[in-house]
Amino acid sequence: MEKDSALYQLMDTRMHSVMNGIVSSDGEYQAILRKSDIYSGELERMDLSKEIRLLIDRYVSEQNALGEYSNASEPPFYRLRAI
Numbered sequence: 002m003e004k005d006s007a008l009y010q011l012m013d014t015r016m017h018s019v020m021n022g023i024v025s026s027d028g029e030y031q032a033i034l035r036k037s038d039i040y041s042g043e044l045e046r047m048d049l050s051k052e053i054r055l056l057i058d059r060y061v062s063e064q065n066a067l068g069e070y071s072n073a074s075e076p077p078f079y080r081l082r083a084i
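Numbering (this note's numbering), first residue to last: 2 to 84.
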């Protein structure tokens, strides 16, 4: 299916609205988002150099990748129990 087709755009819009609805009503996600905002503000106030910010970004990105890998490698039973 071509990305500029009307059907593709409709599906894309629908998926985004569904995901936004799920995320906005998820209390755990909202709590994580609030904590993340606090930490982001603290980092901004530290006025770190670009080099340090890039190092932190790379570290956090790799930690996220590890988390995604570990979630993907768990048997489905364990993933369902966590939900």
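From the three backbone atoms N, C-alpha and C, an ideal C-beta is built for every residue, glycine too.
Quick caveat, the model's predicted, so the values are computed rather than measured.
{"Check": "Roughly how many angstroms lie between the CA atoms of residue 60 and residue 49, to the nearest whole one?", "Outcome": "15 Å"}
{"Check": "Hey, quick one: how far does the alpha helix (DSSP H) through residue 27 stretch, first residue to last?", "Outcome": "Run containing residue 27: none; DSSP gives neither H nor E here."}
{"Check": "Which class does residue 5 belong to by DSSP, given the choice of helix, strand or coil?", "Outcome": "coil"}
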